[in-house]
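Comments concern the structure below.
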Amino acid sequence: GENVEQHPSTLSVQEGDSAVIKCTYSDSASNYFPWYKQELGKGPQLIIDIRSNVGEKKDQRIAVTLNKTAKHFSLHITETQPEDSAVYFCAASSGGGGADGLTFGKGTHLIIQP
Amino acid sequence: DAGVTQSPTHLIKTRGQQVTLRCSPKSGHDTVSWYQQALGQGPQFIFQYYEEEERQRGNFPDRFSGHQFPNYSSELNVNALLLGDSALYLCASSLESGRKYFGPGTRLLVL
Chain R
1 GENVEQHPST
11 LSVQEGDSAV
21 IKCTYSDSAS
31 NYFPWYKQEL
41 GKGPQLIIDI
51 RSNVGEKKDQ
61 RIAVTLNKTA
71 KHFSLHITET
81 QPEDSAVYFC
91 AASSGGGGAD
101 GLTFGKGTHL
111 IIQP
Chain A
115 DAGVTQSPTH
125 LIKTRGQQVT
135 LRCSPKSGHD
145 TVSWYQQALG
155 QGPQFIFQYY
165 EEEERQRGNF
175 PDRFSGHQFP
185 NYSSELNVNA
195 LLLGDSALYL
205 CASSLESGRK
215 YFGPGTRLLV
225 L
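This is the structure we're talking about:
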């Protein structure tokens with residue numbers, strides 16, 4: 001089955017700086033890669049996703065890049081703000097978004113230092 | 115537009131008991147999947163329901179079972195509870211091939 005590795009487990013950045021979180025996946029059949037933000041006591045919130053026919057996608061301060069050959073994808077957050085502090089999860093699926101279950105990484109605790 | 119709702123929010127059970135958790139999907143969604151999230155870990159896929167049938171299952175034992183109703187809501191049942199079943203149980207809804215949106219979860223503690 002699919003295996004998703006996520007790094008780093010903890011990331012501390014100064015407010016206003018950029019943050020990058022990286023994930024690798026093992027199953028070449030995976031074609032859908034969402035990112036979720038989870039705040040304390042809440043369920044995961046979808047923040048951005050990318051499909052395997054696209055190399056990069058951007059939404060305001062958040063961007064995701066995908067390298068299918070190397071089987072890795074990354075989340076980039078620019079101009080970080082205190083409200084960006086949370087745990088971020090990457091995930092992979094081979095069903096195009098909703099058809100298959102998601103395999104998650106172990107999460108990155110992002111800390112924004114004021 | 116109501117999002118995904120789950121009940122109850124918290125639950126305490128003892129080993130060997132059985133538990134039922136409930137989920138109402140986001141309006142217009144027809145697919146419900148369930149995940150288990152242990153403390154400090156990423157969610158793990160349990161199973162997915164579409165058209166009232168289990169369509170895909172993760173690596174969980176038969177003690178975990180589910181159901182989807184005609185109104186697309188769903189239940190997760192866990193029999194013969196173990197201490198290791200203590201976790202946050204998350205429900206996600208989607209259209210069959212669409213983005214998954216998660217509910218707030220049910221926190222289960224098994225003593």
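Line by line, the protein sequences give chains R and A. Numbering-wise, my numbering puts 30 at position 30 of the first sequence, and it's gapless, one number per residue. Convert by adding 114 to the 1-based position in the second sequence; the result is the number in my numbering. No residue lacks a Cβ here, since even glycine has one placed at the ideal position from N, Cα and C. Predicted model, so just to flag it, every value in this text is computed and none were measured.
Would you tell me roughly how many angstroms separate the C-alpha atoms of residue i and residue j, rounded to the nearest one?
i	j	result
A/Ser188	A/Ala116	16 Å
R/Phe104	R/Cys90	6 Å
R/Glu123	R/Thr80	In this structure chain R extends from 1 to 114, so residue 123 of chain R is not present and cannot be described.
R/Asp27	A/Arg171	17 Å
A/Ala152	R/Arg51	28 Å
R/Leu11	R/His109	6 Å
A/Thr220	A/Pro139	14 Å
A/Ser141	A/Gly212	14 Å
R/Trp35	A/Thr145	20 Å
R/Lys106	A/Gln158	10 Å
A/Thr128	A/Gln120	21 Å
R/Asp59	R/Ile48	8 Å
A/Cys205	R/Ile111	27 Å
Restricting to Cα atoms, I'd like to know which of the options is closest to residue i.
i	options	result
R/Pro82	R/Leu66, R/Gln113, R/Ala70 and R/Gly95	R/Gln113
R/Val20	R/Ser30, R/His72, R/Leu46 and R/Ala92	R/His72
A/Leu125	A/Ser141, A/Glu168, A/Tyr215 and A/Leu202	A/Leu202
R/Gly1	R/Lys22, R/Ile111, R/Ser9 and R/Ser30	R/Ser30
A/Pro218	R/Leu46, R/Asn3 and R/Tyr32	R/Leu46
A/Ile160	A/Leu196, A/Phe174, A/Leu222 and A/Glu166	A/Phe174
R/Tyr32	R/Ile111, R/Gly95 and R/Gly107	R/Gly95
A/Tyr163	A/Gly156, A/Ser179 and A/Ser121	A/Ser179
R/Asp84	R/Val13, R/Glu5, R/Ser9 and R/Val4	R/Val13
A/Pro122	A/Ala194, A/Glu210, A/Leu190 and A/Leu196	A/Leu190
A/Glu165	A/Arg177, A/Asn185, A/Gly156 and A/Val192	A/Asn185
A/Asp176	A/Cys205, A/Leu196, A/Val192 and A/Val224	A/Val192
A/Ser200	A/Val118, A/Phe183 and A/Tyr149	A/Tyr149
Quick check on residue i: buried or exposed, where buried means 16 or more other Cβ atoms within 10 Å of its Cβ?
i	result
A/Ser208	buried
R/Ser93	buried
R/His7	exposed
R/Val64	buried
R/Leu102	buried
R/Val54	exposed
R/Lys37	buried
A/Ser147	buried
A/Phe183	exposed
Cβ of residue i less than 9 Å from any chain A Cβ?
i	result
R/Ala99	yes
R/Pro34	yes
R/Asp49	yes
Is there a Cβ from chain R that is less than 9 Å from the Cβ of residue i?
i	result
A/Gly180	no
A/Glu210	yes
A/Leu223	no
A/Arg136	no
A/Lys214	yes
Flag this pair as touching only if the segment 127-138 of chain A and the segment 52-69 of chain R have three or more C-beta atom pairs under 8 Å; answer yes or no. No, the segment 127-138 of chain A is not in contact with the segment 52-69 of chain R.
Residues, ordered as in the chain, of the segment 159-175 of chain A that lie near chain C by beta-carbon distance below 7 Å: Note that chain C does not occur in the displayed structure, where the protein chains are R and A.
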